[in-house]
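Asker: Could you have a look at this structure, given as structure tokens, before my questions?
Residue numbers (the working numbering): 1427 to 1701.
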């Protein structure tokens, strides 16, 4: 039986070991969040499908039909391939930012690595993502559009999407504990971010109109690279990818993840006092 010692300076020195020791708490919190989300709603898992499906339908009608935008793949599939990772990212950001505040009683009573709380909340968004993938599957069958070998890259791209969500999520979680105004700001970020990431647009067309210089600036948003990667994997030859900016997205995602962990670690010792 392993003994966990809590003393001054030890938690910092062995923080990552503590994370492993408390892995059961991670699974318990993740399972609790999933069951609460699906058991205490009338429609259950249908909400994970309705939200992205309505967004895809609206964007297809407005941008595909009325505005006349197009892509090499069927427009609805192109939008869906971008909507799924964006929905995962936005849900992860919203849930993780509120996670510590929503677990105030737990935070103020016992010691455990606080990093577990926002990380476990991302599991709910991942389950939603898996459920929402049925939309893409139905659209591909409807349009007789079949994936290629590139689909094997999807797990690695999903890991990139998780990292892209965790970095800002850790920062916003720590800020929300101290400044509750962020509970109001985050929905605005999510609302306008969908357009800043190019979900309704084929980023190849964006690149063509902006040129290399401005597209580089546009790609400073890490989710642009994540969405491009998902489209490259799902749409096959119907979607290209600009590798320099995709590499930039990977680098920026890792930098944000590092900054997020460092900032969260720096502030978490104060959570119990200010929450």
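Where a beta carbon is used, it is the ideal one built from N, C-alpha and C, also for glycine.
Taking just the CA atoms, how far does residue 1591 sit from residue 1516?
Answerer: Rounded to whole angstroms, residue 1516 to residue 1591 spans 8 Å at the Cα level.
Asker: Does residue 1377 come out as helix, strand or coil in the three-state DSSP assignment?
Answerer: There is no way to answer for residue 1377, as the model of the chain reaches only from 1427 to 1701.
Asker: Under 6 Å Cβ to Cβ from residue 1565, same chain only, skipping five residues before and after it: list those, please.
Answerer: 1502, 1503 and 1506, listed in sequence order.
Asker: Which residue's Cα is closest to the Cα of residue 1525: 1537, 1510 and 1541?
Answerer: Comparing Cα-Cα distances from residue 1525 to each of 1537, 1510 and 1541, the minimum goes to 1541.
Asker: If you compare alpha carbons, which of 1532, 1553 and 1499 is closest to residue 1518?
Answerer: The shortest Cα separation from residue 1518 among 1532, 1553 and 1499 belongs to 1553.
Asker: Can you look up residue 1646 in the DSSP assignment and give me helix, strand or coil?
Answerer: DSSP places residue 1646 in coil when its eight states are reduced to three.
Asker: Output the distance between the C-alpha atoms of residue 1668 and residue 1655, rounded to the nearest integer angstrom.
Answerer: Going from the Cα of residue 1668 to the Cα of residue 1655 covers about 9 Å.
Asker: Taking only runs that begin and end inside the segment 1540 to 1625, name each unbroken alpha helix (DSSP H) of 4 or more residues, in chain order.
Answerer: List check, alpha helix (DSSP H) in window: 1542 to 1568, 1580 to 1604 and 1608 to 1622.
Asker: In whole angstroms, what is the alpha-carbon distance linking residue 1682 and residue 1597?
Answerer: Roughly 9 Å between the two C-alpha positions.
Asker: Check each candidate in 1665, 1645, 1445 and 1442 and name the one with the smallest Cα separation from residue 1375.
Answerer: Outside the shown range of the chain (1427 to 1701) lies residue 1375, about which nothing can therefore be said.
Asker: List in chain order: all unbroken beta strand (DSSP E) runs of 3+ residues lying wholly within the segment 1450 to 1511.
Answerer: Entirely contained in the segment 1450 to 1511, not one beta strand (DSSP E) run reaches 3 residues.
Asker: Assign residue 1568 to buried or exposed, taking buried as 16 or more other Cβ atoms, counted over all protein chains shown, within 10 Å of its Cβ.
Answerer: Exposed: under 16 other Cβ atoms inside 10 Å.
Asker: Leaving out the 5 sequence neighbours to the left and right, which residues in its chain are closer than 7 Å to residue 1538 when beta-carbon positions are compared?
Answerer: Result list for residue 1538: 1448 and 1451, in chain order.
Asker: Compare the C-alpha of residue 1658 against each of 1642, 1582 and 1595 and name the closest.
Answerer: The option with the nearest alpha carbon to residue 1658 is 1582.
Asker: Under DSSP, the alpha helix (DSSP H) around residue 1448 begins and ends at which residues?
Answerer: No alpha helix (DSSP H) contains residue 1448, which DSSP labels as neither H nor E.
Asker: State the Cα-Cα distance for the pair residue 1689 and residue 1641, rounded to the nearest angstrom.
Answerer: The alpha-carbon atoms of residue 1689 and residue 1641 are separated by roughly 29 Å.
Asker: Could you check how far apart the C-beta atoms of residue 1696 and residue 1648 are, in whole angstroms? I think they sit under 8 Å.
Answerer: Actually they are not in contact, since the Cβ atoms of residue 1696 and residue 1648 sit about 28 Å apart, beyond 8 Å.
Asker: Quick check: the Cα distance between residue 1670 and residue 1574, rounded to an integer number of angstroms?
Answerer: If you take the alpha carbons of residue 1670 and residue 1574, they lie about 23 Å apart.
Asker: In terms of residue numbering, what span does the alpha helix (DSSP H) encompassing residue 1664 cover?
Answerer: Looking at the DSSP string, residue 1664 is not in any alpha helix (DSSP H), and its letter there is neither H nor E.
Asker: I need the DSSP call for residue 1684, collapsed to helix, strand or coil.
Answerer: If DSSP states are grouped into helix, strand and coil, residue 1684 belongs with the helices.
Asker: Please list, in chain order, all residues of the same chain as residue 1645 whose beta carbon is under 7 Å from its beta carbon, the five residues on each side excluded.
Answerer: Closer than 7 Å at the Cβ level, and outside the excluded window around residue 1645, lie 1651, 1671, 1674 and 1675.
Asker: Express the C-alpha separation of residue 1445 and residue 1543 in angstroms, rounding to a whole number.
Answerer: Cα to Cα, residue 1543 sits roughly 11 Å from residue 1445.
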